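All residue numbers for the sequence shown refer to the numbering used here, where the first residue is 903 and numbers rise by one.
The beta carbon of each residue, even a glycine, is placed where N, CA and C say it ideally should be.
Computed from a predicted structure; not experimentally measured.
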Amino acid sequence: MVRELTQFENYLVHEFVDDYVDGIMSRRDMVRRVLHITGSAAATASILTQLGVKPASAQDGTPPPVATPAGPRSPESIAADDPRIAAEDITFPGLDGATITAYQAMPSSGSGPFPVVLICHENRGLTDHIRDVARRWAVQGYLAAAVDLLSREGGTAGIADPAEIPALLTQQADAQRHVDDFKAAAAYYQSQESADASRLGMTGFCFGGGITWRCATQMPELKAAAPYYGPPPPLDAVPNIRAAVLGIYSSDPDDFANKGRNELAKALEAAGVTFEIKVYPDTQHAFNNDTGPRYNEEQALAAWHDTLDWFATYVKNASGATPSAGTPVG
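Below is the structure:
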């Protein structure tokens, strides 16, 4: 009997199958990732059959996957040695006493303390792309912290087989552990002189978008959140959201991240949450990632500037903030 997958496991399995169908991921890599999540070949075969994936023997010649770009392509990309920022790996205590690692970036000059943006990575862990995203926030006058949710497993860089990472994020750890790590990050920045934790925002991508939604339901200290195409939170928890939420989604009807989006919007409206759901035209899942094959520069830039405007309103200029603190770095 095949066990029922959790929400995040189901979300990731659909993502891997979509990547395979679209020619972005090889059949071998797709099967390996799903196998790590299900834990057995029989369960993997059953789930893939349910999702319409034919057995290998029944496949026509499968073309090789589309080559993945080697590096960042966004005009917003910020180099690690950019003199406008100060970036480093940091550690802080988790709620369970574990040592959590994060990549922190902030302006190298300025009055400070700076408003804080917590960043949740995709199902690939804390990659160079997510570090780049943190630096982009730093150039805009924020202290950004990208938490490595694989800290207890030795960190993203210490995982020998990248195909195992999605399973480590969903089987070895559950969503609550990840939420708790962001709660711990928020608590850590309350004691840091460079941070103004009273002006706190959060963003995340794909898997990280789903964790961002969950954090919004449990972290009333968040002033704003910007989840990028992630699975929705439990609808009965939506009334707990105190942050102003900007949800960013693709226009692709086959993007599994859009499942439940309309119901989520209705729940947000009924709960009186300040929110906006934005759907960007001619986009597919993960269109913001400029190191991936679905990158859409025009719409990624539009989403980025929409996010910056949202955070300027609800985080940087939040009630009680000092107007001159956290201004964009020139």
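query: With a cut-off of 8 Å, do at least 3 Cβ pairs link the segment 1028–1041 to the segment 997–1011?; result: yes
query: What do you reckon, are the CB atoms on residue 1113 and residue 1140 nearer than 8 Å?; result: no
query: Under a three-way DSSP split, which group does residue 1247 fall into?; result: For residue 1247 there is no data in the structure shown, the boundaries of the chain being 903 and 1232.
query: Spatial neighbours of residue 981 within its chain, please: C-beta separation below 7 Å, excluding the five flanking residues on both sides.; result: none
query: Bridge partners for residue 989 per DSSP, in chain order?; result: 1007
query: Under a three-way DSSP split, which group does residue 1178 fall into?; result: strand
query: Looking at C-beta atoms only, is the number of pairs between the segment 1072–1086 and the segment 1032–1044 that lie closer than 8 Å three or more?; result: no
query: Starting from residue 1098, trace the beta strand (DSSP E) in both directions and tell me its first and last residue.; result: 1097–1107
query: Let's test the definition: count the other Cβ atoms within 10 Å of the Cβ of residue 930 and tell me whether it reaches 16, buried, or not, exposed.; result: exposed
query: In three-state terms, what does DSSP make of residue 1021?; result: strand
query: Consult DSSP for residue 1189 and reduce its assignment to one of helix, strand or coil.; result: coil
query: Are the beta-carbon atoms belonging to residue 1057 and residue 1217 less than 8 Å from one another?; result: no
query: Do residue 1188 and residue 1196 have their beta-carbon atoms positioned less than 8 Å apart in this structure?; result: yes
query: Where does residue 1192 land, buried or exposed, given buried means 16+ other C-beta within 10 angstroms?; result: buried
query: Using CA atoms only, rank isn't needed, just tell me which of 1088, 1079, 949 is closest to residue 1017.; result: 1088
query: Taking C-alpha atoms, which residue in 952, 935, 922 lies nearest to residue 1065?; result: 935
query: Taking 8 Å as the limit between beta carbons, can you name the residues of its chain near residue 953, skipping five residues before and five after?; result: 915, 916, 919
query: What's the call for residue 1168, buried or exposed, on a 16-neighbour Cβ count within 10 Å?; result: exposed
query: Check each candidate in 1111, 956, 905, 1160 and name the one with the smallest Cα separation from residue 922.; result: 956
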